[in-house]
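Asker:
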Amino acid sequence: MIERELIVMEFPTVFENITNETDIQLLVDYLDGNKKDFGELDPDNYWKGRTLFYHQIKEDNIKSIMLNSLKVVINKLRAETGRQIFCEHFSIARWPEGYDLQPHADAENPPDCPDHDYPWRDFGVVTFLNENFDGGVLYYPGRNLEIKPKKGYTAVHTGGMDCLHGVTKITKGSRYTIAAFLTYDQTKSSIDI
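Per the working numbering, the very first residue in the sequence shown carries number 7; after that it's consecutive.
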């Protein structure tokens with residue numbers, strides 16, 4: 007997990023406008039035109055039909071926009087921590103009406119729970135691609151903090167219980183985000199950055 011003595015940045019943190027408005031609109035237009043690529047929603051599988059992985063994106067310019075935004079975040083974190091950071095998971099998430107996410111940590115469970123499935127996830131990254139929906143607020147109950155989605159803003163948090171987070175129910179429209187999990191563990195790297 008994270009070696010806290012190396013980090014000065016407060017988490018969660020928000021970076022503004024890492025991706026410009028024009029590029030964000032290209033991403034959203036691509037997603038709106040390729041909704042079938044997500045597949046069908048499955049009530050028995052929370053993420054099925056809601057995740058489009060980086061390698062599934064068909065257009066190179068769209069992949070480039072995604073990758074460039076991720077590079078900015080990774081470079082900021084590398085400068086902050088003095089360590090190499092790798093991307094383990096990189097996708098676009100679609101959040102239709104009715105979906106929410108209960109508070110959780112990306113790499114750690116409470117002490118009385120079984121071990122986490124992804125203990126190498128040192129950071130979670132969420133970039134908001136749209137605002138034309140209701141609900142879908144990213145919240146950190148232990149910090150009494152809410153981050154209302156703002157197009158182009160990127161929230162970054164640690165994977166530990168110190169950044170327990172959830173998403174309020176989407177009550178109207180669809181929320182789109184770029185999601186990434188970053189790690190210090192090079193063996194979990196899935197994309198060259």
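For each residue, glycine too, the CB sits at the ideal point set by N, CA and C.
1. Report yes or no: do the region 92-99 and the region 53-61 share at least 3 C-beta pairs separated by less than 8 Å?
2. What separation, rounded to the nearest whole angstrom, lies between the Cα atoms of cysteine 200 and isoleucine 91?
3. Measure the alpha-carbon distance for threonine 193 versus threonine 177 and round it to whole angstroms.
4. DSSP on leucine 32, reduced to helix/strand/coil?
5. Between phenylalanine 44 and glutamate 22, what straight-line distance do the alpha-carbon atoms span, to the nearest angstrom?
6. Can you tell me whether serine 97 is helix, strand or coil according to DSSP?
7. Between which two residues does the beta strand (DSSP E) holding leucine 107 run?
8. Tell whether a beta-carbon distance below 9 Å holds between alanine 113 and threonine 19.
9. Skipping 5 residues on each side, what residues in its chain have a beta carbon closer than 6 Å to that of glycine 179?
10. May I have the straight-line CA-CA distance separating proline 49 from glycine 104, to the nearest angstrom?
11. Let me check one thing: in DSSP terms, what residues is valine 79 bridge-paired to?
12. So the beta strand (DSSP E) tyrosine 60 belongs to, where does it begin and stop?
13. Which residues mark the beginning and the end of the beta strand (DSSP E) in which glycine 141 is found?
14. With burial defined as no fewer than 16 other Cβ atoms inside 10 Å of the residue's Cβ, what is the status of proline 120: buried or exposed?
15. What separation, rounded to the nearest whole angstrom, lies between the Cα atoms of asparagine 81 and phenylalanine 187?
16. So the beta strand (DSSP E) alanine 161 belongs to, where does it begin and stop?
Answerer: So, from the data block:
1. Contact holds: three or more Cβ-Cβ distances are below 8 Å.
2. Nothing can be reported for residue 200: it is not among the residues displayed for the chain, which extend from 7 to 199.
3. As the crow flies, the alpha-carbon of threonine 193 is around 39 Å from that of threonine 177.
4. The answer is helix: DSSP assigns leucine 32 an H, G or I state.
5. Between the alpha carbons of phenylalanine 44 and glutamate 22 lies a gap of roughly 27 Å.
6. In the structure shown, serine 97 sits in a strand (DSSP, three-state: E or B).
7. Per DSSP, leucine 107 belongs to the beta strand (DSSP E) from 107-110.
8. Contact flag unset, no.
9. Asn138, Phe139, listed in sequence order.
10. Approximately 11 Å, taken between the alpha carbons.
11. Valine 79 is not bridged to any residue.
12. Here tyrosine 60 belongs to no beta strand (DSSP E), and DSSP marks it neither H nor E.
13. Taken as a continuous stretch (DSSP letters only), glycine 141 belongs to no beta strand (DSSP E), as it is neither H nor E.
14. Result: exposed.
15. If I take the Cα positions, the gap works out to 14 Å.
16. The continuous beta strand (DSSP E) containing alanine 161 extends over residues 160-164.
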